[in-house]
Structure formats: C-alpha cells, structure tokens
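Inspection log for the structure reproduced underneath, given as structure tokens.
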C-alpha cells in the first residue's frame, strides 16, 4: 500500500499539495494507530518490507522539504528504487539503493571501538586475538554469502566464527595444536544458521601449499584473505621456532611474513581484497614501525594499497592494571604509549 500511496503523491503537480500528502504519511509512520489504509505495508499486494523507521522518515522529510517539484520527484523516485530494486556490487551483498541503512558499517580510516564484541562464541581468553568487529566489517564489505575466506593466522577462531554468523565459508590455518583445539571448540559453539562451511588446518603458513590444500577440499580459490600475525616478539606465543613471535631479528620476522604472503597470493582471486592487522613495537628506546615494514612486504608482491586504518585499543593484557606505571615510564623515557594498531587493506590487481 505504501508504494501505491507514494505513486499517487508522485503524480501530484502542486508543491503545496505534495508537501501536505507527504506529511500525512510521516504522521502515520510516527503514529501507527492512525494507519487505517495499510500504508505501513511497504510493498504492493499487501507485502511487507523491513525498513529502518528513522531512515524512512528522513527520506520522506526530504521529499516534503524539497524546494522544487523536480527535486521532490527525484527524492520520491530514489525512495521507490530503494524499496523495490537491489543495486549491489560484485564483491558484497550490500544494497546500495538503501546505503543509508548500513550505518554500522565503518567507512572512515579511524576506528574507535569502545569494547570487544563478546556475544555468542566470542571470548577474549586468547592473548593476542583481534576483536570480532574487524572481520565482521570486512566480510560484510568485501564478500558475498557463500564465498570463501582464508585466515592464515587463525588463533582462537574469531574470523571463522564471524564467517558462520554471516554465511561465509572459511578456512583457518593455525600453527599450534593446542590453539587449534581451542579454535575448533569456539567455532563449534557458534550457531550455523547459513550452513557455512568452516575448517581449521593445523599447519605452518610459511611452508603450507595453500593451493593444494584448497584443491583437495574442492575449493578453487578464495575471495577474501586476512592475516593477524604476531607483532614480532611483543607477545611470545610458544617455544616453536616456526612461530613468528620467536623470530630472532626483525629481518627474519619480515622474511617469514613475506613467505606467507607469497604462499597465499595465487589462491586469492584477482580484484579481491586482503587485510593485515598489525601494530608497531617499542624496543630499547626506539619506536619500531613494524606496521609499515609489513605493509612494504605486501606491496613488494604487487598488491595495491587501498587503505590504512588506525584502530584504537585501550588496555592490553600485557599492560592490564599498569596504566599509572606506563604513564610514569613514558614521562621518564620520553616516548608515547601505544594506543593504536593498523589495519592495512590491499587489493590484488595482478594475476
């Protein structure tokens, strides 16, 4: 019914009448009890579409406040398209005709996230895992349902939990057997409403033949790649000498990281995206720009840099309950306390 009423308003050629009729609809939406003719059935033939009330009111107010008939008709046509047509890209399921409704999707390069999402199977028990909001944002913007996601540093399973939530298929690689066990437990605790396929591989990403591993599972390629490597030796995750956190020098760390970028290059489709979550470190009085060094390793392989996102973090496990101590150390040592990390977004532009 709503669309029929909107079509009748579009036929009006008097600006005052058009404004009055539009305001009647606004009044009904704000006061649903006044809806005696079924306007709130958004689609024709009594069907119903789910629309955010505040955004619908904003669009209708824009129509009512338009300075010219031409502009008002433009806004009406845009609203109709948003309700009846889907405009999506090749890399996600977002309906760009209703782009205003995705107000929770971040589009700026500074991410201030107050707290970690701990819903469902997510937990912060594993030291060094990233917050679920990171894969959630990227999977929604850079993948479609049913596509494949690869996490080469899976950790406790955060990325694959988000895959299950959003209906993406996911493969995760983790070096440490005990963490593989933890990841599998966490992932199994998440509901699988979309029947997403997920699998954890216990292997060394610096040596793994990713193409072969995917082929044996009937997977031709992946559509999104994400890596959250150790920030070199800030946190020592194990005594395993294949663990990047045990690299003896920064050069060794970067070389090992570069091998993983090489190993995963061929399995990512051309034109698709690759995200690296990384932070800097402080050593012997010197700020080590690890984030930019890892960025260069990726750029050397022919990826295009699309964005550098700076994300806040307030308190890490390593500095928990030591806020005043670190403030004192900063004042004495002449440095600034880390409150950010980087999310580097790349696009594969070559085969």
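In full-length UniProt numbering, the protein residues as written are 1 to 351. All C-beta atoms, glycine included, are put in the ideal place defined by N, C-alpha and C.
Assigned with DSSP and collapsed to three states, residue 243 falls in coil, not helix or strand. By the Cβ neighbour-count rule, residue 272 is buried, with 16 or more other Cβ atoms within 10 Å of its own. Residues of the same chain with a CB within less than 7 angstroms of the CB of residue 343, apart from the 5 flanking positions on each side, are 134, 275, 277, 309, 311 in chain order.
Residue pairing from DSSP places residue 287 in a beta bridge opposite 282. Selection 264, 246, 229, 270 evaluated against residue 290 yields 229 as nearest (Cα-Cα). Close CB contacts of residue 281 within its chain, under the 7 angstroms cut and outside five residues either way in sequence, are with 231, 232, 234, 288, 290 (chain order). Distance between residue 303 and residue 111, taken at the CA atoms: about 23 angstroms. Per DSSP, residue 307 is one residue of the beta strand (DSSP E) stretching across 303-312.
Taking the C-beta atoms as reference points, residue 100 is found nearer than 9 angstroms to residue 52. With contact defined as three or more Cβ pairs closer than 8 angstroms, the stretch 168-188 and the stretch 196-209 are in contact.
Relative to the Cα of residue 145, the nearest Cα in the group 132, 151, 164, 104 belongs to 164. By the Cβ criterion, the stretch 176-191 is not in contact with the stretch 208-223, since fewer than three pairs of Cβ atoms, one from each stretch, lie closer than 8 angstroms. For residue 261, the uninterrupted alpha helix (DSSP H) segment begins and ends at 250-265. In this structure, the CA atom of residue 55 is about 17 angstroms from the CA atom of residue 72.
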